[in-house]
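2 protein chains.
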Amino acid sequence: MQYRESKIPEATVQRLSIYLRYVTQLHRDGVKVVSSYALSEGCGFKAAQVRKDFAYFGELGVRGVGYYVKDLYVDLKKILGLVDVWEVALIGSGHLGSALLAYRGFQEYGFVISAVFDKNPDSLPEKLHSQYKVFPMDELEETISEKGIKIAIVAVPAPAAEEVVESLVKAGVQAILNFAPVKLQGRPGVKIRNVDLAVDLGVLSFFVTGKK
Amino acid sequence: MQYRESKIPEATVQRLSIYLRYVTQLHRDGVKVVSSYALSEGCGFKAAQVRKDFAYFGELGVRGVGYYVKDLYVDLKKILGLVDVWEVALIGSGHLGSALLAYRGFQEYGFVISAVFDKNPDSLPEKLHSQYKVFPMDELEETISEKGIKIAIVAVPAPAAEEVVESLVKAGVQAILNFAPVKLQGRPGVKIRNVDLAVDLGVLSFFVTGKK
Chain A
35 MQYRESKIPE
45 ATVQRLSIYL
55 RYVTQLHRDG
65 VKVVSSYALS
75 EGCGFKAAQV
85 RKDFAYFGEL
95 GVRGVGYYVK
105 DLYVDLKKIL
115 GLVDVWEVAL
125 IGSGHLGSAL
135 LAYRGFQEYG
145 FVISAVFDKN
155 PDSLPEKLHS
165 QYKVFPMDEL
175 EETISEKGIK
185 IAIVAVPAPA
195 AEEVVESLVK
205 AGVQAILNFA
215 PVKLQGRPGV
225 KIRNVDLAVD
235 LGVLSFFVTG
245 KK
Chain B
35 MQYRESKIPE
45 ATVQRLSIYL
55 RYVTQLHRDG
65 VKVVSSYALS
75 EGCGFKAAQV
85 RKDFAYFGEL
95 GVRGVGYYVK
105 DLYVDLKKIL
115 GLVDVWEVAL
125 IGSGHLGSAL
135 LAYRGFQEYG
145 FVISAVFDKN
155 PDSLPEKLHS
165 QYKVFPMDEL
175 EETISEKGIK
185 IAIVAVPAPA
195 AEEVVESLVK
205 AGVQAILNFA
215 PVKLQGRPGV
225 KIRNVDLAVD
235 LGVLSFFVTG
245 KK
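Protein sequences appear in the order of chains A and B.
Position one of the first sequence corresponds to residue 35 (our numbering), numbered consecutively onward.
Position one of the second sequence corresponds to residue 35 (our numbering), numbered consecutively onward.
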């Protein structure tokens, strides 16, 4: 499989990630073969979209058959770089940060939080004390850089987020999942994904309000 | 302000929600006036987009001045239906569900979790026992319907999600925030927003992998 990361649009990568989630489920359910139509239906896209997305990576399917689920599962994991375990840093261990520490979803996808930072290192709830040590913020750059961590999760209050990102970039972090309620812009060579539950809630609220 | 909910595209509503988040921050910081250019920059959109989005709601700004932050804050909250408190049901109190219960972000936006359901009502961590009672799943429809709850958060495993949505819809729920790792489709009169951290992680992993 040969391709250049820079040539593939982010929207395509996002769909690949959605295909993988669906294919993982099929794989668990023991399904052997899936057509591009069934795959597209299951993921909510058009079949032509699936074929176009996969075209970036050569032949992933078999003409007249569809896709072998296990092969597709392995190929998508390889393409997305989800074969190995990623060490991740978590910045902010307040309410949201400790909720994320308790959330097992990251681990399921091979992301292990291996360093936690907070301006108040005693902020972690008792329950998580035995599992995680919280470092003070002034050790962030050195620790992340020494551990060679490339991915970070930001869960600090909005006003602190930009400065945290600056430190992370200096420490060599290349990808950031941002939960701070502020839209952070990426830098050259640094990808940022903003997660904002408030935006989702706003959309739902608007919808329900319109029906009153 | 007169407008019909059904005429406004979801992408616009989503941007309104992003504007509100930004304007809330400006309001907290004591900023009085914001230009559509500054607003668009802060939210990551083009200025023309901001004006086009606001055009649905008549004149929100003042020509040559921009927008009065406090007025815009109040208008956006009204438009999005975020003035009152929304009672919300949470389905699933496992790892993710209890993480969401511990997360204060919902409350900040006026969403109060007032009923929790799980097939195992003893699943809640000790710490949250005193605050929340977990109802068994067979009381879901009756309880939600009695309380008149219109918004629900789904945090059950993927295979259980579709059935949960069916029950929620029967109980009168109109808007669902879905954390189950499966893309749920909306129904007529029911809006579903899918949150999937695995998709974000896949995108970040792909980006870092491409740089190795």
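Cβ atoms here follow ideal geometry from the backbone N, Cα and C, with glycine treated the same way.
- Counting along the chain, the unbroken beta strand (DSSP E) around E121 of chain A starts and ends at W120 to I125.
- When secondary structure is reduced to three states using DSSP, A149 of chain A falls in the strand class.
- Considering only beta carbons, the part of the segment 189 to 211 of chain A lying closer than 7 angstroms to chain B consists of A192, Q208, A209 and L211, in chain order.
- Collapsing the DSSP output to three states places V229 of chain A in coil.
- Straight across, the Cα-Cα distance linking L124 of chain A with A82 of chain B is about 37 angstroms.
- V96 of chain A carries a strand assignment under DSSP once its states are collapsed to helix, strand and coil.
- For F169 of chain A, the enclosing beta strand (DSSP E) covers residues V168 to P170.
- For A81 of chain A, there is no enclosing beta strand (DSSP E); the residue is part of the alpha helix (DSSP H) that begins and ends at A81 to A89.
- Taking the Cα positions, L94 of chain B is about 17 angstroms away from C77 of chain B.
- Residues of chain A with a Cβ closer than 9 angstroms to the Cβ of A214 of chain B do not exist; the shortest Cβ-Cβ separation is about 11 angstroms.
- Chain B places a beta carbon closer than 8 angstroms to that of V242 of chain A, counting this residue as a contact.
- DSSP, read as helix, strand or coil, puts V188 of chain B in strand.
- In this structure, the CA atom of S201 of chain A is about 6 angstroms from the CA atom of E175 of chain A.
- Per the C-alpha coordinates, the member of A:Y107, A:A194, A:F79 and A:V146 positioned closest to W120 of chain A is A:V146.
- When the alpha-carbon of I113 of chain A is set against those of A:D87, A:S132 and A:G100, the nearest one is in A:D87.
- Rounded to whole angstroms, the separation of the alpha carbons of A232 of chain B and G139 of chain A is 8 angstroms.
- Leaving aside the five residues that flank A192 of chain B on each side, the residues in its chain whose CB is nearer than 8 angstroms to its CB run, in chain order, A214, P215 and V216.
- Of all alpha-carbon atoms in A:G236, A:G206 and A:N212, the one lying nearest the alpha-carbon of P222 of chain A is that of A:G206.
- With respect to chain A, the C-beta atom of F88 of chain B has no partner C-beta closer than 8 angstroms.
- Sequence-distant partners of K153 of chain A (beyond 5 residues in either direction) whose C-beta falls short of 6 angstroms from its own C-beta, in its chain, are M171.
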